[in-house]
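> Before anything else, here's the structure in question.
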Amino acid sequence: MTSWIERDPAALQQLEATLRQDYPTMHAIVVDGAVRVRGTYPVVHEAREIARYSLCMKLPADYPYSLPVVWETADRIPRVEDRHVNVANGSLCLGVPAALWIALGGNFAIDRVLDIPVRNFLIGNCMIEAGEDWPHGEWAHGAKGMLQFFGETIGTDDPRTVVRLIDGLINEKVRGHWPCPCGSGAIVRKCHAEAIQKLRTVPTEVLAHSGVLILNLMKRTAARNV
Amino acid sequence: MTGSEFLTALLTSQRLADGAPELVALDKVRDEVERLIKSALPNSIIRFTHGGSRAKGTMVREDYDLDLVVYFENEDDAPGETLEEIYETIATLLETSFTVKRKRSALRLRAKKGGDLRVDVVPGRYIDATRTDTFIHQNEGSKERQKTNLEVHIRHVGQSGHTNEIALSKIWRTRHNVGIKTFPLELLVINVLSEDGSGDIEARFRRVLDAFADRVDELQIEDPANPYGNDLSHALTNAIRREVAKAASDTRDAVDKYGWAHAFGESGNKQAVPNVTVIRSAAAAVATPTRPWSMVDDELD
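So the sequence lines, in the order shown, correspond to chains A and B. Mapped onto numbering that gives the first Met the number 0, the consecutive letters of the first sequence carry residue numbers 0 to 225. Mapped onto numbering that gives the first Met the number 0, the consecutive letters of the second sequence carry residue numbers 0 to 300.
In structure tokens form, the structure reads like this:
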């Protein structure tokens, strides 16, 4: 894939101008053909800086159409699952990918990523450090968290139903007159139409990744029950 | 407010006065370190003293720690015969009270149940009876030991005449998360200002930024305690130079367009310690809530 800076060099200059204006302590640097944004991000509320975090972000090749990888670099946040840090690579797990896609409307420009999921995560971390809970809740780890997301979005967290729905969405076979996957008995058009319409906007690869994780969970569960 | 006034006010706000809670906490850890080592090695003559920014007068509130050197006499083998043995002996002793992270030459202390204590302990042994140069152990690099001289370092930095600009550079480094360690940063600043130290604080610090942005590849550093023997290239790699140059260039542009306060990321009154009421209020005001998740290791296959 041709990276975004090769496709449009002016976009990098625009990114740098955005950083200088709105995030002056963050800097974009090209490393091995990929753009990394590194610096500190202040969490500000009502003109008060309540925290400042050292971050490094690796922007994807298709920036701004998918989520950057974000790390906290001052060892402030423990690298454990319960703090929502991916143990494999130390990156912050800002949310279930499909949920983030819907929340950000598929626009992962630096300012939107910093000021929505990153800021939310860091405020949440401040709450945890203060002995409180994540302010807006937290998804369960792994595939269970994905099922939780689908459960809240379309009214069912049954793995078979969710996987069928994902398959239908990927292959563009979900129709308004189908029975709604929530099991209400109503058709999609008269039930979870809006939710399914939002899921239709999520890229195939993001949905497919969700499907694979849930399928693997089903296999592991079946193996344990044998 | 002029640039100089801003930078001077920034420095003043960052100074840690005697009796500051941060220093009291560091001294408490220092006292425990001394107690542990002295009680385990009662027959050793040990020099405990401050190195680093506390000794040099460049400590800043936003990025402080205590470098505590622990030096043994050159013929004292109670802590160990080799430098590595001395290093491990001290590490093991400290592990009775702290969690110890082994670094290149230092031992970083963390609370057993808690966070970073901001103390680096550096064990070493005097080279001879003059008690000037010391050898310290190295865990990384091509040499297992490094020759150094604490007083030379303290003098070189503390009496450089540029401690204010060094402190500003440290604040800048921390605010902008630039991956350069303090010692090479100090040496770079001294290098730049030894060429031209004229002007007020704004002019001098601007000169540092300009040099970093425009010619960081030309700036050379050497260890004043052992210029021919100590290789500092690991501390100032090409990647680090690029990062320093980019951050300095961006900062300079931000200063020109928006002013010093903006370039230093001054974003409102700071909370010394986040107040939970304010954090709750910030959380409640979030317009687009999102929830964290995490991948599970065994689901990654």
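Here a beta-carbon is modelled for each residue, glycine too, at the ideal position from N, C-alpha and C.
1) Write down every uninterrupted run of the alpha helix (DSSP H) in the stretch 30–117 of chain A whose length is 4 residues or greater and which is fully enclosed by it, in chain order.
2) By alpha-carbon positions, which one of Arg-159/A, Leu-66/A and Leu-206/A ends up nearest to Val-117/A?
3) Grouping DSSP H, G and I as helix and E and B as strand, with all else coil, what is Leu-164/A?
4) For the alpha helix (DSSP H) containing Thr-162/B, list its first residue and its last residue.
5) How long is the line joining the alpha carbons of Asp-75/B and Thr-236/B, rounded to whole angstroms?
6) Once DSSP output is grouped into helix, strand and coil, what is the label at Tyr-70/B?
7) If distances are taken between C-alpha atoms only, which option among Ala-24/B, Pro-78/B and Val-23/B comes closest to Lys-37/B?
8) If we define contact as Cβ-Cβ less than 8 Å, is Ala-166/B a contact residue for chain A?
9) DSSP on Ile-189/B, reduced to helix/strand/coil?
10) Is the Cβ of Glu-139/B closer than 8 Å to any Cβ of chain A?
11) Anything in chain A within Cβ reach of Val-275/B, meaning under 9 Å, just list it in chain order.
12) Just to make sure I have the definition right: I need the residues of chain B whose C-beta is within less than 9 Å of the C-beta of Ala-222/A. Which are they?
13) Are the C-beta of Asn-245/A and some C-beta of chain B separated by less than 8 Å?
14) Where Ala-281/B and Ala-27/A are concerned, what is the direct C-alpha to C-alpha distance, given to the nearest angstrom?
15) Please state if the CB of Val-177/B and the CB of Ile-165/B are separated by a distance shorter than 8 Å.
16) Which residues in chain A sit within 7 Å of Lys-245/B, going by Cβ to Cβ distance?
17) Indicate the three-state DSSP secondary structure (helix, strand or coil) for Asp-21/A in the structure shown.
18) In angstroms with no decimal places, state the Cα-to-Cα distance between Asp-74/A and Val-161/A.
19) Write down every uninterrupted run of the alpha helix (DSSP H) in the stretch 190–232 of chain B whose length is 4 residues or greater and which is fully enclosed by it, in chain order.
20) What is the rounded straight-line gap between the Cα of Asp-26/B and the Cα of Asp-115/B?
21) With DSSP collapsed to three states, give me the class of Thr-236/B.
22) Looking at the C-beta of Met-301/B, does it have a partner C-beta in chain A at a distance below 8 Å?
23) What whole-angstrom Cβ distance do Thr-39/A and Arg-174/B have, given they're in contact under 8 Å?
24) When you compare only the Cα positions, how much space is there between Val-84/A and Ser-293/B?
25) Put Ile-45/B into one of helix, strand or coil per three-state DSSP.
26) Measure the C-alpha to C-alpha separation of Asp-300/B and Ser-90/A and round it to an integer number of angstroms.
27) Please classify Lys-169/B as buried or exposed, where buried requires at least 16 neighbouring CB atoms within 10 angstroms.
28) Do Leu-6/B and Leu-167/B have their CB atoms nearer than 8 Å?
29) For the beta strand (DSSP E) containing Arg-124/B, list its first residue and its last residue.
30) Would you give the residue range spanned by the alpha helix (DSSP H) that Thr-98/B belongs to?
31) Could you give the residue range of the alpha helix (DSSP H) that holds Gln-196/A?
32) Any beta carbon from chain B within less than 8 Å of Phe-120/A's own beta carbon?
33) Would you tell me roughly how many angstroms separate the C-alpha atoms of Met-217/A and Ser-104/B, rounded to the nearest one?
34) Against Asn-237/B, what residues of chain A qualify as contacts under a CB-to-CB distance less than 7 Å, listed in chain order?
35) In terms of residue numbering, what span does the beta strand (DSSP E) encompassing Gln-145/B cover?
36) Looking at C-alpha atoms only, which residue of Lys-100/B, Arg-101/B, Phe-71/B and Thr-95/B is the closest neighbour of Thr-131/B?
Once the coordinates are examined:
1) Under the rule that a run must span 4 or more residues, the alpha helix (DSSP H) segments found entirely inside the stretch 30–117 of chain A read 96–102 and 109–112.
2) Within the first sequence, the letter at position 118 stands for residue 117/A. With distances taken between CA atoms, Val-117/A lies nearest to Leu-66/A out of Arg-159/A, Leu-66/A and Leu-206/A.
3) Stepping through the first sequence from its first residue, residue 164/A is reached at position 165. If DSSP states are grouped into helix, strand and coil, Leu-164/A belongs with the helices.
4) Counting from one through the second sequence, the residue named residue 162/B turns up at place 163. 162–174 is the extent of the alpha helix (DSSP H) around Thr-162/B.
5) Residue numbering aside, residue 75/B sits at position 76 when the second sequence is read from its first letter. Residue numbering aside, residue 236/B sits at position 237 when the second sequence is read from its first letter. Rounded to the nearest angstrom, the two C-alpha atoms are 37 Å apart.
6) Residue mapping note: residue 70/B aligns to position 71 of the second sequence, counting from 1. Here Tyr-70/B sits in strand by DSSP.
7) Against the second sequence, residue 37/B aligns to sequence position 38. Of Ala-24/B, Pro-78/B and Val-23/B, the residue nearest in Cα terms is Pro-78/B.
8) On the second sequence, residue 166/B is found 167 positions in, with the first residue counted as 1. Not closer than 8 Å to any Cβ of chain A, the Cβ of Ala-166/B fails to qualify, so no.
9) Sequence index remark: in the second sequence, residue 189/B carries index 190 (1-based). Ile-189/B falls in the helix class under three-state DSSP.
10) Indexing the second sequence from 1 puts residue 139/B at position 140. No - not a single Cβ of chain A is within 8 Å of the one on Glu-139/B.
11) Translated into positions along the second sequence, residue 275/B becomes position 276. Cys-125, Met-126, Ala-129, Gly-130 and Glu-131, listed in chain order.
12) Reading the first sequence from its first residue, position 223 is the one you call residue 222/A. Chain B residues near Ala-222/A: none, gap ~12 Å exceeds 9 Å.
13) Outside the shown range of chain A (0 to 225) lies residue 245/A, about which nothing can therefore be said.
14) Reading the second sequence from its first residue, position 282 is the one you call residue 281/B. Reading the first sequence from its first residue, position 28 is the one you call residue 27/A. Answer to the nearest angstrom: the Cα atoms are 28 Å apart.
15) Sequence index remark: in the second sequence, residue 165/B carries index 166 (1-based). Sequence index remark: in the second sequence, residue 177/B carries index 178 (1-based). Result no, Cβ atoms of Ile-165/B and Val-177/B do not sit closer than 8 Å.
16) Stepping through the second sequence from its first residue, residue 245/B is reached at position 246. His-26 and Ile-28, listed in chain order.
17) As a first step, residue 21/A must be located in the first sequence, where it is residue number 22. Three-state DSSP puts Asp-21/A in a helix.
18) Your numbering for residue 74/A matches position 75 in the first sequence. Your numbering for residue 161/A matches position 162 in the first sequence. Between Asp-74/A and Val-161/A, the C-alpha separation is close to 37 Å.
19) 200–214
20) For the purposes of this step, residue 26/B is identified with residue 27 of the second sequence, where counting begins at 1. For the purposes of this step, residue 115/B is identified with residue 116 of the second sequence, where counting begins at 1. Their backbone Cα atoms lie some 14 Å apart in a straight line.
21) Position 237 of the second sequence holds residue 236/B. It is coil, neither helix nor strand.
22) Nothing can be reported for residue 301/B: it is not among the residues displayed for chain B, which extend from 0 to 300.
23) For the purposes of this step, residue 39/A is taken as residue 40 along the first sequence, with counting starting at 1. For the purposes of this step, residue 174/B is taken as residue 175 along the second sequence, with counting starting at 1. Correct: roughly 6 Å between the Cβ atoms.
24) Here residue 84/A corresponds to residue number 85 of the first sequence, with the count starting at 1. Here residue 293/B corresponds to residue number 294 of the second sequence, with the count starting at 1. The alpha-carbon of Val-84/A is positioned some 6 Å away from that of Ser-293/B.
25) In the second sequence, counting from the first residue as 1, residue 45/B sits at position 46. Note: Ile-45/B maps to strand in three-state DSSP.
26) Position 301 of the second sequence, counted from the start, is the residue given in the question as residue 300/B. Position 91 of the first sequence, counted from the start, is the residue given in the question as residue 90/A. Only weak support is given to the placement of Asp-300/B: the predicted model assigns it a pLDDT of 48, under 50, and the value that follows is read from those uncertain coordinates. C-alpha separation (whole angstroms): 18 Å.
27) Residue mapping note: residue 169/B aligns to position 170 of the second sequence, counting from 1. Classification for Lys-169/B: buried.
28) Reading the second sequence from its first residue, position 7 is the one you call residue 6/B. Reading the second sequence from its first residue, position 168 is the one you call residue 167/B. Going by C-beta atoms, Leu-6/B is nearer than 8 Å to Leu-167/B.
29) Taking the first residue of the second sequence as 1, we reach residue 124/B at position 125. Where Arg-124/B is concerned, the enclosing beta strand (DSSP E) stretches over 115–125.
30) What you label residue 98/B is simply residue 99 of the second sequence in a count that begins at 1. No alpha helix (DSSP H) contains Thr-98/B, which is instead part of the beta strand (DSSP E) from 97–101.
31) For the purposes of this step, residue 196/A is taken as the residue at position 197 of the first sequence. Residues 192–199.
32) On the first sequence, position 121 is the one that residue 120/A refers to. Yes, because at least one Cβ of chain B sits closer than 8 Å to the Cβ of Phe-120/A.
33) To locate residue 217/A, count along the first sequence from 1; it is residue 218. To locate residue 104/B, count along the second sequence from 1; it is residue 105. Taking the straight line joining both Cα atoms gives about 50 Å.
34) The residue labelled residue 237/B in the question sits at position 238 within the second sequence. Those do not exist, as Asn-237/B stays about 12 Å from chain A at its closest Cβ, beyond 7 Å.
35) Against the second sequence, residue 145/B aligns to sequence position 146. It spans 144–147 - the beta strand (DSSP E) in which Gln-145/B sits, taken as one unbroken run.
36) For the purposes of this step, residue 131/B is taken as the residue at position 132 of the second sequence. The option with the nearest alpha carbon to Thr-131/B is Phe-71/B.
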